[in-house]
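Presented below is the structure to which this report refers.
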Amino acid sequence: MSKPSSKPTKVIGYPCLTLLLGKLSFVRRKQLCLACPALRKQENTIPYNLEIIVTIFCFKIDRLTVEVCYYKSLQTNCCVWYESEHKKTATALPNNMSMEDAAEKLFMFYMNRQGTNIKKFVIKGTRAFLPKCSPLNIGTLCFEWSHDAPTEHGAWIKTTRPVDHLKICNIFRDEALTKAKSVFVDFMNFQEERGDFETMMNWKCETLKVRGVPFDSMVTHCLRLSITKLPIGYSFIYDHGRPNLELVTLDWLGLQVKGKKTYWHGRKCVTITMDDSTEFNIHGEKDVDSLEIIMEYNPRGIAIDR
970 MSKPSSKPTK
980 VIGYPCLTLL
990 LGKLSFVRRK
1000 QLCLACPALR
1010 KQENTIPYNL
1020 EIIVTIFCFK
1030 IDRLTVEVCY
1040 YKSLQTNCCV
1050 WYESEHKKTA
1060 TALPNNMSME
1070 DAAEKLFMFY
1080 MNRQGTNIKK
1090 FVIKGTRAFL
1100 PKCSPLNIGT
1110 LCFEWSHDAP
1120 TEHGAWIKTT
1130 RPVDHLKICN
1140 IFRDEALTKA
1150 KSVFVDFMNF
1160 QEERGDFETM
1170 MNWKCETLKV
1180 RGVPFDSMVT
1190 HCLRLSITKL
1200 PIGYSFIYDH
1210 GRPNLELVTL
1220 DWLGLQVKGK
1230 KTYWHGRKCV
1240 TITMDDSTEF
1250 NIHGEKDVDS
1260 LEIIMEYNPR
1270 GIAIDR
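With positions in the sequence shown counted from 1, the corresponding number in the numbering used here is that position plus 969.
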């Protein structure tokens, strides 16, 4: 009987390992490291490609929830991991470690890696350690609590590039606000006298959406936009939350801005000609039950007369 040949095992190179692990989900990577401890040291240096991270009193990383809390079963502060409420793994924290320190160490261990990509990052409450983290590549960034918003310029989170979509509850000074491609401000405390609209007009976003703004303030901003030429493609969206409000207000807005009655892709619209190449259009959504009034700069000729 012939003996099986014992070929030497090939070691996976770092570039191949980076490519392989980069395509796995967070949970799958951890499972692979448990099955093959030899990978752990290298894996700890390879950046993640994550779908979603939510930070609050716990972290949600893709489908995995990691919670730093007081665990009744062990009667001590713990780090609890679970994909399902029915199957949890708890590890007791050292006696001299606070839950705040544990949360920081946990986040920094996994996220503080150059090259980490995050499709959606939701921040619920400020984390003082976020500015310490290496710049992250973030697609959509949501900052959901305004009373904890940083007051110092740049005292937020560092990114490798402008985020594609940004959602905030209030206006504060940060480069992420001025450079994001799309911004949604769901105001908790809109203050026209503070110059919120003037501040937002200086941002470089292509789309600005607001909610929680009084109707009169929106009209004032509409008048300002109608006499200000911004780049073609820029749009301002007013989310009023009342179906078909634009049907009874568009003609009235048209009178205020001295626009002509038109149709925009079949929708009722008001148009102002800015110059030979640009027109300013005010219309509702394409859906029947429109909850928004949209103001945008288009190439001249998009809207047709009613």
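Just so you know, even glycine gets a beta-carbon here, dropped at the ideal spot from N, CA and C. Since we're looking at a predicted model, the values are computed, not measured.
Non-local beta-carbon contacts of residue 1233 in its own chain, meaning distances under 6 Å to residues more than five positions away in sequence, involve 1250, 1252, 1272 in chain order. Residue 1098 sits in coil when the DSSP states are folded into three classes, being neither helix nor strand. For secondary structure counted as the alpha helix (DSSP H) over 4 or more consecutive residues, the stretch 996 to 1042 holds these complete runs in sequence order: 1009 to 1012. Across the set 992, 1182, 1247, the C-alpha of 1247 shows the shortest separation from the C-alpha of residue 1196.
Rounded to whole angstroms, residue 1169 and residue 1021 show a C-alpha spacing of 27 Å. A residue is called buried when at least 16 other Cβ atoms come within 10 angstroms of its Cβ; residue 1157 does not meet this threshold and is exposed. In chain order, 1149, 1150, 1151, 1152 place their CB closer than 7 Å to the CB of residue 1174, counting only its own chain and leaving out the 5 sequence neighbours on each side. In the three-state scheme derived from DSSP, where H, G and I count as helix and E and B as strand, residue 1264 is classed as strand.
Apart from sequence neighbours up to five positions away, the residues of its chain that approach residue 1110 with a beta-carbon distance below 7 Å are 1090, 1132, 1135, 1145, ordered along the chain. Distances from the CA of residue 1186 to each of 1172, 1166, 1198 were compared; the closest alpha carbon is that of 1166. Within the same chain, Cβ atoms closer than 6 Å to the Cβ of residue 1016 are found at 1082, 1084, 1085, the five residues on either side in sequence being excluded.
Per DSSP, the beta-bridge partners of residue 1253 are 1262. The Cβ-Cβ distance between residue 1019 and residue 1088 falls below 8 Å. Under the three-state reduction of DSSP output, residue 985 falls in the helix class. Cβ-Cβ distances below 6 Å link residue 1129 to 1104, 1106 in the same chain, with the five nearest sequence neighbours on each side left out; the list follows chain order.
Residue pairing by DSSP places residue 1236 opposite 1233 in a beta bridge.
The continuous beta strand (DSSP E) containing residue 1177 extends over residues 1176 to 1180. Bounds of the beta strand (DSSP E) holding residue 1153 are 1151 to 1155. When rounded, the separation of the alpha-carbon atoms in residue 1058 and residue 1160 is 46 Å.
The residue among 1051, 1060, 1035 with its C-alpha nearest the C-alpha of residue 1044 is 1060. Looking at the DSSP output, residue 1105 bridges to 1128.
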